[in-house]
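For what it's worth, UniProt numbering labels the leading residue of the sequence shown as 1, then goes sequentially.
All C-beta atoms, glycine included, are put in the ideal place defined by N, C-alpha and C.
Contents: one structure, followed by commentary.
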Amino acid sequence: MADEKDPEDRLPVFLFLDESGTAPTDPLTMVGATAYHDVARAEAAIIDAYGRTLGDASLWHRSSKRRRFSEVGFHFTEDSESVGNTFLSALDSIDYRAYAAYSRNDAQLSTTDLIVAMYGTLLSSVLARYRDYKLTVVFEQNSTMDPLYGKIWSVLQNTIPGIGSATALRGTKSAPCLAATDYVLGVTRAHLLEGASDFQEGRFVALGRSYAYLIDFDDDRHLGGRKHPIL
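In structure tokens:
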């Protein structure tokens, strides 16, 4: 049997993780990931979009919103439709793959427990898919979830063969590729909730070329591929 390839000789993959709907009152909780082989190129495209957006006075009717954007960058729940369209246009030029899982909240299960369980389901599939690569995983810094990320990562490393050499980091909300995961979750969330507009549905369809799979955690349905298309 051939020796296992040295981790330093493997092709790189960066995986950026995020969650949404973390409040108990949220009707839908989601976890997601976006994966990149060329993270530098993806970050450059998002940073360029940030600069163009910040410099376009027509997008900003309130100086406070512009100032906030200058500090945190793109964020789905804070951005106007015009700002969001600028970001999604940039995202369309980036080579990435998106993965997400969702669940409708249940009062019998805490949101934190639900997120941990969903990350376990989602990442068991995603990490196994990239185990032959030099893998770096980036969690978004979150005061509620930070104490749990280490535990989640430890369990995954001990249960998924081949990812023992992977690196896990924490990134701030302003990290460019974390914004991409945030937008994937935001656009998908709008599609899943009742009453999505044609505009919101159009945004979701536009993500289609980059979506690898979408997991319905409640019904244990795994959408993606030719047999079970997402769109």
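Exercise for review: Would you mind working out which of ASP38, ILE47 and GLY208 sits nearest PHE87, comparing C-alpha positions?
Suggested key: Here residue 87 corresponds to residue number 87 of the sequence shown, with the count starting at 1. That would be ILE47, whose Cα lies nearest to the Cα of PHE87.
Point to revise | Length of the line joining the Cα atoms of TYR36 and PRO12 | key: What you label residue 36 is simply residue 36 of the sequence shown in a count that begins at 1. What you label residue 12 is simply residue 12 of the sequence shown in a count that begins at 1. Each residue's Cα considered, the two are about 8 Å apart.
Exercise for review: Give the secondary structure of GLY195 by DSSP, where H, G and I count as helix, E and B as strand, and everything else as coil.
Suggested key: For this step, residue 195 is matched to residue 195 along the sequence shown. It is coil, neither helix nor strand.
Exercise for review: Would you kindly report the start and end of the unbroken beta strand (DSSP E) that includes ILE230?
Suggested key: Here residue 230 corresponds to residue number 230 of the sequence shown, with the count starting at 1. Segment: none, ILE230 is in no beta strand (DSSP E) and carries neither H nor E.
Point to revise | ARG131 - DSSP class collapsed to helix/strand/coil | key: The residue labelled residue 131 in the question sits at position 131 within the sequence shown. The answer is coil: DSSP assigns ARG131 none of H, G, I, E or B.
Practice item. Tell me whether ARG82 sits in a helix, a strand or coil according to DSSP, three-state version. Key: Here residue 82 refers to the residue found at position 82 of the sequence shown. According to the sequence provided, residue 82 is Ser. The question's Arg does not apply to it. Helix.
Practice item. Take the Cβ of ARG67 as the centre, count every other Cβ of all protein chains shown within 10 Å, and call the residue buried at 16 or more, exposed below. Key: As a first step, residue 67 must be located in the sequence shown, where it is residue number 67. Answer is exposed; the Cβ neighbour count stays below 16.
Check your understanding: DSSP three-state call for SER110: helix, strand or coil?
Key -> Position 110 of the sequence shown holds residue 110. SER110: coil per DSSP, three-state reduction.
Check your understanding: Within 10 angstroms of its Cβ, does HIS61 collect 16 or more other Cβ (buried), or is it exposed?
Key -> For this step, residue 61 is matched to residue 61 along the sequence shown. Burial call: exposed.
Review point. How many angstroms separate the CA atom of VAL83 from the CA atom of VAL72?
Key: Counted from its first residue, the sequence shown places residue 83 at position 83. Counted from its first residue, the sequence shown places residue 72 at position 72. When rounded, the distance between both Cα atoms is 13 Å.
Review point. Roughly how many whole angstroms lie between the Cα atoms of SER125 and GLN157?
Key: Locating residue 125 in the sequence shown gives position 125, where the first residue counts as 1. Locating residue 157 in the sequence shown gives position 157, where the first residue counts as 1. Rounded to whole angstroms, SER125 to GLN157 spans 13 Å at the Cα level.
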